[in-house]
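Each residue of the sequence shown is one higher than the one before, starting from 87 at the first, in my numbering. Cβ coordinates follow ideal geometry from the N, Cα and C atoms, glycine included. Encoded as structure tokens, the structure appears first; notes follow it.
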Amino acid sequence: MNKTIRHASVFALLLVLALLLRATWVQFHDAKALADDKHNRRNVIEQYANPLGDIIVGGEAVTGSARTKGGDLAYKRTYKDGELYSPVTGYSSQVYGATQLEGIYKDLLDGTDNRLKNPLDTVTNKRADPGDVVTTIDPAVQKAGYEALGDKKGAAVAIDPETGRILGMVSTPSYDPSRISGSTDSAAWRELTADEEKPMVNRALRQPLPPGSTFKLVVAAAALEDGLYSSVDAATESPNPYTLPGTATVLRNENQAAPCEDADIRTALRYSCNNVFAKMAVDLGQDKVKAMAEKLGFNAEKLDVPVRAGKSVYPSDMDKAQTGLSGIGQFDVTATPLQMAMVSAAIANGGELAAPHMVSRITDSGGDVLETYDDGDGRRVMSEGTAEGLESAMETVVEEGTGSNAQIAGAKVGGKTGTAQHGERNSKTPYAWFTSYAKSGDGGGEGKEVAVAVMIESSNAARDEVSGNGLAAPIAKAMMRAALES
87 MNKTIRHASV FALLLVLALL LRATWVQFHD AKALADDKHN RRNVIEQYAN
137 PLGDIIVGGE AVTGSARTKG GDLAYKRTYK DGELYSPVTG YSSQVYGATQ
187 LEGIYKDLLD GTDNRLKNPL DTVTNKRADP GDVVTTIDPA VQKAGYEALG
237 DKKGAAVAID PETGRILGMV STPSYDPSRI SGSTDSAAWR ELTADEEKPM
287 VNRALRQPLP PGSTFKLVVA AAALEDGLYS SVDAATESPN PYTLPGTATV
337 LRNENQAAPC EDADIRTALR YSCNNVFAKM AVDLGQDKVK AMAEKLGFNA
387 EKLDVPVRAG KSVYPSDMDK AQTGLSGIGQ FDVTATPLQM AMVSAAIANG
437 GELAAPHMVS RITDSGGDVL ETYDDGDGRR VMSEGTAEGL ESAMETVVEE
487 GTGSNAQIAG AKVGGKTGTA QHGERNSKTP YAWFTSYAKS GDGGGEGKEV
537 AVAVMIESSN AARDEVSGNG LAAPIAKAMM RAALES
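Encoded structure:
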């Protein structure tokens with residue numbers, strides 16, 4: 087063999103070896119990345135080649151799958167009562183992906199979760215039958231909240247204080263995920279995403295807003311835990327009106343005739359005295375208020391239920407005047423309805439905050455449990471004595487104060503109203519809040535109990551008619567009554 091042929095043969099051999107190495111690299115190193123690439127249509131074809139698993143509410147599926155007509159995607163997602171349950175399910179779209187429970191449990195619902203495979207499936211790489219997601223949602227509570235919210239823009243969350251189970255999660259206006267589940271729904275997608283009312287935003291979890299006077303419960307808890315005041319019935323040192331430190335701003339109360347000067351915590355919650363809680367926050371200092379807020383869930387970077395909630399914020403680096411405003415749930419304080427439901431739940435549960443969650447378990451296609459989510463997995467955030475005092479004071483708010491619209495015959499109900507400024511110089515319609523709990527029977531642990539928070543972002547009510555008691559409390563009452571009766 088002459089020299090030229092030998093060099094050419096070696097070069098050709100090197101090219102073959104390079105091709106083999108590259109093929110091996112792609113097969114064993116890049117295969118997963120290529121398979122998972124969002125532009126790989128084979129994934130979508132495979133995902134929708136068979137019916138998906140279901141999301142279960144109250145023992146019944148609120149999702150389904152329907153055979154498509156033509157195309158390479160054999161099935162698409164369907165929803166029962168889509169507008170009612172979209173804050174829980176999210177959507178699963180052939181084009182736009184999946185959100186919330188649909189997104190978190192995508193592998194389980196389409197059969198690619200390895201826990202679903204038997205040994206033979208593992209060897210053959212066969213896709214297993216899909217599993218199901220069993221939620222903690224109570225359909226009666228969910229429906230009661232949705233119907234009570236009606237055409238208002240807002241949200242509500244109901245929690246079992248002892249277990250942390252989320253019984254209801256409502257956000258309005260809502261949308262039907264079935265409208266965007268197929269491959270030819272671009273017009274509906276554009277309409278929904280361009281809608282100024284933002285129907286696809288889960289306000290219950292993802293839209294923190296100023297909580298107004300409902301935050302006074304957090305300040306009161308901090309004061310009692312710190313020993314600044316010995317009980318909810320001890321007189322405070324609270325001038326009325328109160329001038330914010332270092333400013334000429336005079337903080338007044340909405341009810342000018344209310345007995346707010348030096349009022350005890352019970353009276354101050356009953357009449358929602360701004361002077362008491364602004365002064366209390368200043369006396370405590372922002373660090374002590376922040377510590378209590380963070381025990382209750384504020385400033386948490388990751389609050390997964392398992393859908394990740396938006397961050398509720400108690401700010402830092404405030405001056406004394408700003409700290410005073412934070413004490414009445416203003417300045418830069420923000421909270422989600424989930425967060426304020428957690429506050430009431432901790433108080434109703436004797437000072438222990440059970441971790442909120444809306445999935446009970448996940449199962450395979452035969453109903454065998456793959457994973458369960460523990461109830462009551464929580465921590466102590468305040469003493470039992472502090473919780474009992476605040477519980478008693480919240481009951482006074484409902485029985486004799488600003489939360490009268492939440493009263494339920496035969497049940498112990500406690501609550502706190504709130505209105506929060508909206509816009510520069512409060513130029514826009516204020517937000518209306520109500521956070522509460524209810525216990526059936528004598529409240530001694532034999533009956534049912536529930537904690538609810540409601541936020542009304544806007545409604546058809548006139549500006550001077552916007553209040554936590556007028557707008558939000560009736561919605562909380564409907565959800566609490568449904569929970570106690572179900």
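Find out if the Cβ-Cβ distance for the pair residue i, residue j is shorter than 9 Å.
i	j	result
residue 223	residue 171	yes
residue 375	residue 413	yes
residue 141	residue 195	yes
residue 521	residue 506	no
residue 251	residue 442	yes
residue 577	residue 332	Residue 577 is absent from the structure shown; the chain starts at 87 and stops at 572.
residue 372	residue 401	yes
residue 359	residue 343	no
residue 459	residue 446	yes
residue 234	residue 444	no
residue 429	residue 296	no
residue 558	residue 524	no
residue 249	residue 440	yes
residue 253	residue 227	yes
Among the candidates the options, whose CA atom is the shortest distance from the CA of residue i?
i	options	result
residue 247	555, 240, 450, 382	382
residue 136	217, 99, 105	217
residue 181	104, 154, 268	268
residue 392	486, 134, 92, 175	175
residue 480	459, 503, 463	503
residue 324	152, 311, 338	338
residue 498	354, 472, 534	534
residue 453	199, 220, 133, 190	220
residue 299	384, 571, 554	554
residue 330	438, 134, 417, 89	417
residue 463	289, 215, 438, 260	438
residue 229	192, 158, 143	143
residue 169	407, 215, 237	237
residue 478	403, 352, 102	352
Note down, in chain order, each residue of its chain lying with its Cβ closer than 7 Å to the Cβ of residue i, except the 5 sequence neighbours on either side.
i	result
residue 396	291, 292, 293, 294, 422
residue 148	141, 165, 166, 167, 171, 175
residue 320	350
residue 311	378, 468, 469, 472
residue 307	378, 468, 472, 476
residue 336	327, 329
residue 563	491, 492, 494
Express the C-alpha separation of residue j and residue i in angstroms, rounding to a whole number.
i	j	result
residue 178	residue 313	51 Å
residue 239	residue 107	59 Å
residue 484	residue 138	46 Å
residue 515	residue 556	14 Å
residue 488	residue 357	6 Å
residue 340	residue 286	35 Å
residue 526	residue 482	17 Å
residue 328	residue 369	13 Å
residue 190	residue 184	8 Å
residue 309	residue 366	7 Å
residue 354	residue 347	9 Å
residue 490	residue 500	10 Å
residue 263	residue 156	21 Å
residue 100	residue 203	42 Å
residue 120	residue 243	Residue placement at residue 120 cannot be trusted, given a pLDDT of 44 that sits under 50; the coordinates are not used to answer.
residue 232	residue 517	18 Å
residue 257	residue 110	51 Å
residue 399	residue 334	27 Å
residue 380	residue 455	34 Å
residue 318	residue 198	55 Å
residue 94	residue 134	50 Å
residue 265	residue 150	14 Å
residue 384	residue 261	29 Å
Using C-beta distances below 6 Å, list every residue in its chain close to residue i, excluding the 5 sequence neighbours before and after it, in chain order.
i	result
residue 457	448
residue 541	240, 241, 423, 519
residue 363	302, 305, 413, 414
residue 549	Caution applies to residue 549, whose pLDDT of 48 falls short of 50 and renders its modelled position unreliable; the value that the coordinates give is listed next. Excluding sequence neighbours, residue 549 sits near 515.
residue 567	494
residue 117	Here the model assigns residue 117 a pLDDT of 49, short of 50, so the residue's position is not dependable and the matter cannot be decided.
Return yes when at least one heavy atom of the ligand MG lies under 8 Å from the C-beta of residue i, else no.
i	result
residue 501	In the structure shown, the ligand MG is absent, as is every other ligand, since no ligand is present at all.
Excluding sequence positions up to five away, which residues of its chain have a Cβ less than 8 Å from the Cβ of residue i?
i	result
residue 145	none
Fill in: Three CB pairs or more closer than 8 Å across the stretch 270-283 and the stretch 481-496
no
Fill in: Given 8 Å, three or more beta-carbon pairs between the stretch 154-174 and the stretch 400-413
no
Discussion item. Is it the case that the stretch 421-439 contacts the stretch 458-470, given that we only count it when at least three CB pairs across the two stretches are under 8 Å?
Written reply: yes
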